[in-house]
Amino acid sequence: MENKTKQIPVSLESYMELSDANDKHSRLLMQIKGKEYSTEGDFLEMENRLAGMLGDSPEYVSLVMAGKHITSLGIILGKNEVDKIDLAKWDERIRDAINLLKITSAFIHAKQNDFSLHLSKIEKENKTLRDCGEFLNLKGLK
Numbered sequence: 021m022e023n024k025t026k027q028i029p030v031s032l033e034s035y036m037e038l039s040d041a042n043d044k045h046s047r048l049l050m051q052i053k054g055k056e057y058s059t060e061g062d063f064l065e066m067e068n069r070l071a072g073m074l075g076d077s078p079e080y081v082s083l084v085m086a087g088k089h090i091t092s093l094g095i096i097l098g099k100n101e102v103d104k105i106d107l108a109k110w111d112e113r114i115r116d117a118i119n120l121l122k123i124t125s126a127f128i129h130a131k132q133n134d135f136s137l138h139l140s141k142i143e144k145e146n147k148t149l150r151d152c153g154e155f156l157n158l159k160g161l162k
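Here the sequence shown is numbered in this note's numbering, starting from 21 and rising by one per residue.
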């Protein structure tokens with residue numbers, strides 16, 4: 021069967037450049053929003069309050085909020101030609117969804133009182149990431 025989907029090649033360098041820019045912007049955005057939405061003792065005050073109002077757990081509420089942004093991306097993609105998508109709106113939804121997934125993860129880690137990063141074994145040039153010295157606080161790697 022012939023694949024009629026148009027392939028879109030993306031170089032590793034282009035992907036990493038966009039990924040790094042997204043990461044930097046997300047970190048800055050969380051610092052700015054954190055000042056607006058948090059209290060001194062609770063960086064995730066808004067999510068905790070919303071969970072209380074809805075009578076559900078903050079990790080579930082944050083996951084649902086991430087799902088809203090992911091659904092929005094699907095709607096944008098379904099309504100527009102890819103080359104006509106408003107990239108500012110697209111990137112905002114991507115960042116918000118990723119940040120909400122990270123918030124969900126923070127709640128899960130907080131419930132376990134463990135804020136170290138847990139990954140299965142990932143090889144990089146026949147070494148684990150821990151062996152490369154890039155992530156010293158990893159658990160789950162041998």
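We put the CB at the ideal spot given by N, CA and C, even for glycine.
Buried or exposed by the 16-neighbour rule on C-beta atoms within 10 Å, applied to L38:
exposed
Should E30 go down as buried or exposed, given a rule of 16 or more other Cβ atoms within 10 Å for buried?
Residue identity check: residue 30 is Val in the sequence provided, not Glu. Classification for V30: exposed.
Across which residues does DSSP place D62 in a beta bridge pair?
T59
I believe P78 touches A71 by the beta-carbon criterion, under 8 Å. Please report the beta-carbon distance rounded to the nearest angstrom.
4 Å
Does the separation of the CB atoms of T124 and L74 fall below 8 Å?
no
With S82 as the anchor, note down where its alpha helix (DSSP H) starts and where it stops.
P78 to K99
Helix, strand or coil, according to DSSP, for L74 in the structure here?
helix
DSSP on L137, reduced to helix/strand/coil?
strand
Between A117 and I90, which are expected to be in contact by the criterion C-beta below 8 Å, what is the C-beta distance as a whole number of angstroms?
5 Å
Could you spell out where the alpha helix (DSSP H) holding K131 opens and where it closes?
L107 to K131
Please name the residue, chosen from F127, F63, D134 and S92, that lies closest to I114 on a Cα-to-Cα basis.
S92
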